[in-house]
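Asks: Quick note: the sequence shown, position 24, residue 509 per this note's numbering, numbers continuous.
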Amino acid sequence: MSGAGLPSSPARETAEEGFEENARAHIVPSDPNITAPVIRRHVQRVATPPSLIFYPRADAEAGLAKWRLEVLEDTVVWRRFEGEGPLPDSIVWDWRSNKSDLPRIPMSLGYTLALEDRTGQRVSTERTDIVVEYRSLTQRLEHRVNDTVIESYSLVLFNYDSPTVSPDDEELLRAIAGTLRNVVGATMRVTGYTDSLGLESYNRELAVRRATETARLLRELAPAGTTIIVNPDGGERERFPYDTPEGRSHSRTVIIEVRKPSSESP
486 MSGAGLPSSP ARETAEEGFE ENARAHIVPS DPNITAPVIR RHVQRVATPP SLIFYPRADA
546 EAGLAKWRLE VLEDTVVWRR FEGEGPLPDS IVWDWRSNKS DLPRIPMSLG YTLALEDRTG
606 QRVSTERTDI VVEYRSLTQR LEHRVNDTVI ESYSLVLFNY DSPTVSPDDE ELLRAIAGTL
666 RNVVGATMRV TGYTDSLGLE SYNRELAVRR ATETARLLRE LAPAGTTIIV NPDGGERERF
726 PYDTPEGRSH SRTVIIEVRK PSSESP
């Protein structure tokens, strides 16, 4: 650890924000592999719709004393809702179990409603199945070959008032371009952003310069046939809070949106 004066690319100290920008520490690894980009993918299970709504109805001359709605996985209780007195107008279920687990498809879901009136009489409905359709990525691709996979990257950062991509971020661009190996018909759209310091008109111009420089490097790194577009609508937009140095730093970025045919996705 060593002390120094101003950073290599200092902010103008004509405002309080400039002093805040320059009061920072830089971490430089002795081995560049420590900060090498790592791209990870995961498959996410998504339920559509995000919740299921029950609208229970019952008539009891003596008045309801208790009620219980149970969601069953085969014969096991997956989720239980219960209460005393009249039934609620609706019960919203977010697909999770009593332990907050999401269903693992395929599974057989159903529900029953049990009631008890004030005289102690009890009645329950027969199980009603909940029809769930499971569509894996493979099945989806078989049915909709024209789907598009969209990936978004926003890890490239810039120094204050600079459109220059650092060597470390060039490696990140190389990794992003590498995901398009053996992909035909991919499109990359680059949008630039800035912090809140300076004039809005200048920031808009700086944002486009950042996007243009990033696109230039991507054209060198991406496979032949990849379409690379610069979005002229970037500029000063508060993607992160502008009232902290960290927020302003993370706002000096570009967003790279990658669109590729799903049939070509890994």
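Ideal placement from N, C-alpha and C gives every residue a C-beta, glycine not left out.
#1: Quick check: what's the CA-CA separation for V669 versus G710?
#2: Does DSSP put P746 in a helix, a strand or coil?
#3: Where does S734 sit, in a helix, a strand or coil, going by DSSP?
#4: What does DSSP give as the partner residues of S609 in its beta bridges?
#5: With H, G and I counted as helix, E and B as strand and the rest as coil, what does DSSP make of Y638?
#6: For R666, name the three-state secondary structure that DSSP assigns.
#7: Do V739 and T676 have their CB atoms nearer than 8 Å?
#8: To the nearest angstrom, how far is the alpha carbon of W563 from that of N583?
#9: Give the straight-line distance between the Cα atoms of P591 and E690, rounded to the nearest whole angstrom.
#10: Keeping to the same chain, check which residues put their C-beta closer than 7 Å to that of V556; ignore five residues upstream and five downstream.
#11: Can you grab the Cα-Cα spacing for the pair P708 / P541, in whole Å?
#12: Excluding sequence positions up to five away, which residues of its chain have a Cβ less than 7 Å from the Cβ of T613?
#13: Is the beta carbon of T649 closer than 8 Å to that of E705?
#14: Determine the closest residue to G605 out of V715, S686, W552, with distance taken between C-alpha atoms.
#15: Counting along the chain, where does the alpha helix (DSSP H) carrying V693 start and finish?
#16: Are the CB atoms of E656 and V743 within a distance shorter than 8 Å?
#17: Which full runs of the beta strand (DSSP E) of 3+ residues lie inside the region 562-599, going along the chain?
#18: Taking the beta strand (DSSP E) that I538 belongs to, which residues open and close that run?
#19: At what residues does the beta strand (DSSP E) containing L549 begin and finish?
#20: When we look at the beta-carbon of I661 and count the other beta-carbons within 10 Å, is it buried (16 or more) or exposed?
#21: On the premise that K745 lies in contact with A696, defined as a C-beta separation below 8 Å, what is that separation, rounded to the nearest angstrom?
#22: Tell me, please, which residues DSSP counts as bridged to R752.
Replies: Short version:
#1: 7 Å
#2: strand
#3: helix
#4: A599
#5: strand
#6: coil
#7: yes
#8: 6 Å
#9: 53 Å
#10: W563, R564, W578, L594, Y596
#11: 57 Å
#12: G595, Y596
#13: no
#14: W552
#15: 685-706
#16: no
#17: 576-578
#18: 537-539
#19: 549-558
#20: buried
#21: No, A696 and K745 are not in contact; Cβ-Cβ is about 20 Å, not under 8 Å.
#22: Nothing in the structure corresponds to residue 752, since the chain is present only between 486 and 751.
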